[in-house]
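Beneath this line is the structure, given in structure tokens, with notes to follow.
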Amino acid sequence: MDQQSLVSLILILITFALYIGISVYNRAKVTSDFYVASRGIPPFWNGMAIGGDWMSAASFIGMAGTVMVLGYDGLAYIMGWTGGYLLLTFLLAPQLRKYGRFTVPEFIGDRFDSNPARLIAAIATIIISFTYIIGQLSGSGVVIGRLLNLPASTGVMIGVVVIAIYASLGGMKGVTWTQVAQYMILITAYIIPIVFLSLQISGNPLPWLTYGNVVNELGALDRELGLSEYFAPFEEGNKAQFLALLFTLMVGTAALPHVIVRFYTVTTMKAARWSGAWALLFIALLYLSAPAYAAFSRFVIMTEVVGSPIDNLPGWTEAWLNTGLLEIADSNGDGVLQWEELVIHQDIVVMATPEIANLGMFVVGLVAAGAMAAALSTAGGLLITISSSFAHDIYYRLMRPDATDGRRLQAGRIAIVLSTIAAGLVALDPPGVITQIIAWAFALAGGTFFPVLFLGVWWKRMNKQGAMAGMLGGLSVTLGYIFLSMAGITFFGIQDTGAGVFGVTANLILVIVVSLMTPPPEQRLQDEVTDLRYPEQMTYKDGQVWMNDNSDK
Amino acid sequence: MKKVDKKVADQYFKIRTTMIIIFLAIGFSVSFGVAAFADVIHETGATIMGMPAHYYMGAQGAVVTFVILLFLNAIISDRVDKKFGIDDKQNEQISGSGSGH
Numbered sequence: 001m002d003q004q005s006l007v008s009l010i011l012i013l014i015t016f017a018l019y020i021g022i023s024v025y026n027r028a029k030v031t032s033d034f035y036v037a038s039r040g041i042p043p044f045w046n047g048m049a050i051g052g053d054w055m056s057a058a059s060f061i062g063m064a065g066t067v068m069v070l071g072y073d074g075l076a077y078i079m080g081w082t083g084g085y086l087l088l089t090f091l092l093a094p095q096l097r098k099y100g101r102f103t104v105p106e107f108i109g110d111r112f113d114s115n116p117a118r119l120i121a122a123i124a125t126i127i128i129s130f131t132y133i134i135g136q137l138s139g140s141g142v143v144i145g146r147l148l149n150l151p152a153s154t155g156v157m158i159g160v161v162v163i164a165i166y167a168s169l170g171g172m173k174g175v176t177w178t179q180v181a182q183y184m185i186l187i188t189a190y191i192i193p194i195v196f197l198s199l200q201i202s203g204n205p206l207p208w209l210t211y212g213n214v215v216n217e218l219g220a221l222d223r224e225l226g227l228s229e230y231f232a233p234f235e236e237g238n239k240a241q242f243l244a245l246l247f248t249l250m251v252g253t254a255a256l257p258h259v260i261v262r263f264y265t266v267t268t269m270k271a272a273r274w275s276g277a278w279a280l281l282f283i284a285l286l287y288l289s290a291p292a293y294a295a296f297s298r299f300v301i302m303t304e305v306v307g308s309p310i311d312n313l314p315g316w317t318e319a320w321l322n323t324g325l326l327e328i329a330d331s332n333g334d335g336v337l338q339w340e341e342l343v344i345h346q347d348i349v350v351m352a353t354p355e356i357a358n359l360g361m362f363v364v365g366l367v368a369a370g371a372m373a374a375a376l377s378t379a380g381g382l383l384i385t386i387s388s389s390f391a392h393d394i395y396y397r398l399m400r401p402d403a404t405d406g407r408r409l410q411a412g413r414i415a416i417v418l419s420t421i422a423a424g425l426v427a428l429d430p431p432g433v434i435t436q437i438i439a440w441a442f443a444l445a446g447g448t449f450f451p452v453l454f455l456g457v458w459w460k461r462m463n464k465q466g467a468m469a470g471m472l473g474g475l476s477v478t479l480g481y482i483f484l485s486m487a488g489i490t491f492f493g494i495q496d497t498g499a500g501v502f503g504v505t506a507n508l509i510l511v512i513v514v515s516l517m518t519p520p521p522e523q524r525l526q527d528e529v530t531d532l533r534y535p536e537q538m539t540y541k542d543g544q545v546w547m548n549d550n551s552d553k
Numbered sequence: 001m002k003k004v005d006k007k008v009a010d011q012y013f014k015i016r017t018t019m020i021i022i023f024l025a026i027g028f029s030v031s032f033g034v035a036a037f038a039d040v041i042h043e044t045g046a047t048i049m050g051m052p053a054h055y056y057m058g059a060q061g062a063v064v065t066f067v068i069l070l071f072l073n074a075i076i077s078d079r080v081d082k083k084f085g086i087d088d089k090q091n092e093q094i095s096g097s098g099s100g101h
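Residue numbers (the UniProt record's numbering), protein chains in the order written: chain S, 1 to 553; chain U, 1 to 101.
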């Protein structure tokens, strides 16, 4: 093991010990600890935990590389993955919080008073979260494998064991506080390299202010090489695909069950609004940095690596050439490396840039620990969601309504261990490209849940028939379009990653048409929806709004 | 329990809904709106903070706007609640006792 691997490994082990320590300290004792952290998390910290939960291996490892390779077209990810928090905080989170349930399937089951709808929602939640978790486990496998020179599959196994331990011990309470720690580690690890790069290139330590000039210089370099400019729009696709992808990512963000459940951990509608605002601020720190990361690393590669003799390349190239994620071919035979002769896989940009720019072993190790934090924090949140869908919605609400608190906790822990093992097995040999699978998870979440949740809290006339038709129709249209476009049949040039547009549209139409064609829901359910218009202290009852001012106590 | 005048209750809902519609309209125009005309903006050669304007809006402008909108929403909503006599302590108490099932 070389010195670099040793430094990285020590940093990763220290952070692992920290996560496990936090979850042991915050051990879940009762069911509400396990699922919603006893609803006592202050908005600022909840926002930070949402940030850790949200930013996955795809955001940390993949996004800067995507922007670097795609240029302007990669920015759909930046806008989509942040814009979703607008939809979530304005349209869903406070209302869902006031409704006061543990999980998304439980909301759907109780709002529409229908156990079949509950079951459909629980199964869809498990499918979406499971798809998403495979990507996280593969991501952690790549990092561990690269550092220890082990096969990625061994890396996956190590990650699986760590996640299962802390998620099943701590439940949501433990996961919330580990996610806070993981956010701090991952954001530090992400920002330090670009601060140094900014200093190296422009002498100013604030990368967000300095990379504009770098972007312009990249455009000039591209023009010299006869390529399309870095910032030219729609060079890698068409406008319809860009807008469809943006829409899919935004709506999917607002409808992902593991994100929504985080808003159940605060106390009130007011706290849900503040959580959303803090969460987006913390998330934006990384998303504003990703395009800077992309611009700096492309600039360093184009000006310092390109043009060097091919038989005398810097040391960092060798390790990445061995992984197969970097390819170099002297196609014109002049012995000098040209930009066109370099093929960089987008997933290595964040990991490799600190090495390329010679930022030192500690920074490289920190980035590795940050990548692990990103993968583990998201996986932890997903596991709690899978476990609550199974143990709470299916086992407790549908199969054994008389189960004791202890039995339900136990069922939740068993579900976590089983799904970690199952996801780990799939991740040993992932069924496709990681970023693509994650985009599918967003399309499925948006297509299955967004219209149902949105109209469920805003439109009292919506009934169970509409909800079931919407979920099933949205899910099948989204899946159908993904398969069609994989087979080469597309509409308006929209690819599989933009499938959410069709799923959400079908879902919305089905909900409205089917609800209007079938009898309205009973008055009690309609009143519950009207009640969501007002803060906790105001209650809607018998056609009147009442203010609880403690006068009757 | 005290009855709230229907007009007052409706007004509360109307203010909150109007806020949401305005904020979402701003949010969509800085993201979808700018992206829909990105090629046109590119040709004009306009720049913000030293980079092409459409690129700046995608990389920073839209995200910063989203953050500002969410904080504005949280602050203004608190003011609205206060104006209608909502006490957050009471909210916490009600939500704490009402949802423990």
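Think of the CB as a built atom: it goes at the ideal place given N, C-alpha and C, for glycine as much as any other residue.
A Cβ-Cβ distance of about 23 Å is found for the pair S:T103 and S:I283, leaving them out of contact under the 8 Å criterion.
Contact annotation: S:A373 and S:I185 have beta-carbon atoms nearer than 8 Å. Counting the other Cβ atoms within 10 Å of the Cβ of U:S77 gives 16 or more, which makes it buried. DSSP places S:Q338 in the coil class of the three-state scheme, outside both helix and strand. According to the DSSP secondary-structure assignment, S:Y540 is paired through a beta bridge with S:V545. Residues of chain S with a Cβ closer than 8 Å to the Cβ of U:I86 are, in chain order, P535, Q537, M538. At a cut-off of 8 Å, the C-beta of U:I15 has no neighbouring C-beta in chain S. In this structure, S:A254 and S:L87 form a Cβ contact; the two beta carbons are roughly 4 Å apart against a cut-off of 8 Å. Residue state for S:V343 is assigned as strand, using DSSP reduced to three classes. Listed along chain U, no residue sits closer than 9 Å to S:I123 by beta-carbon distance, the nearest being about 23 Å off. Burial check for S:R413: the Cβ neighbour count within 10 Å reaches 16 or more, so the residue is buried. In the structure shown, S:I310 adopts helical secondary structure according to DSSP, grouped into three states. Using a Cβ-Cβ cut-off of 7 Å, S:N213 is close to G50 of chain U, given in chain order.
Contact check for S:I482 against S:A499 passes: the beta carbons are separated by less than 8 Å. Note on S:D393: 16 or more other CB atoms within 10 angstroms of its CB, so buried under the neighbour-count rule. Note on geometry: alpha-carbon atoms of S:T188 and S:G370 lie some 8 Å from one another. The Cβ atoms of S:Y293 and S:A124 lie no closer than 8 Å to each other.
Rounded to the nearest angstrom, the gap between the Cα atoms of S:A391 and S:A411 is 5 Å. At least one beta carbon of chain S lies nearer than 8 Å to the beta carbon of U:A36. Within the region 157 to 219 of chain S, complete beta strand (DSSP E) segments of at least 3 residues are not found at all.
S:Y25 counts as exposed, since fewer than 16 other C-beta atoms from the protein chains shown sit within 10 angstroms of its C-beta. For secondary structure counted as the alpha helix (DSSP H) over 4 or more consecutive residues, the region 471 to 547 of chain S holds these complete runs in sequence order: 500 to 517, 523 to 531. The criterion of a C-beta distance shorter than 8 Å is satisfied by S:G71 and S:F231.
Every unbroken stretch of the alpha helix (DSSP H) spanning 4 or more residues and falling wholly within the region 354 to 400 of chain S is given here in chain order: 361 to 388.
Taking all protein chains in view, the Cβ of S:T404 is surrounded by fewer than 16 other Cβ atoms within 10 Å, so the residue is classified as exposed. If you draw a straight line from the Cα of S:I158 to the Cα of S:L75, it is about 33 Å long. If you look at S:I50, you'll find it in the alpha helix (DSSP H) that goes 43 to 54. Using a Cβ distance threshold of 8 Å, S:P535 and S:M302 do not count as a contacting pair. Only buried fits S:T267, as 16 or more other CB atoms lie within 10 angstroms of its CB. Assignment of S:P451 by DSSP, reduced to helix, strand and coil, places it in the helix class. With a threshold of 16 other beta carbon atoms within 10 Å, S:Q179 meets it and is buried.
Rounded to the nearest angstrom, the gap between the Cα atoms of S:E327 and S:L342 is 6 Å.
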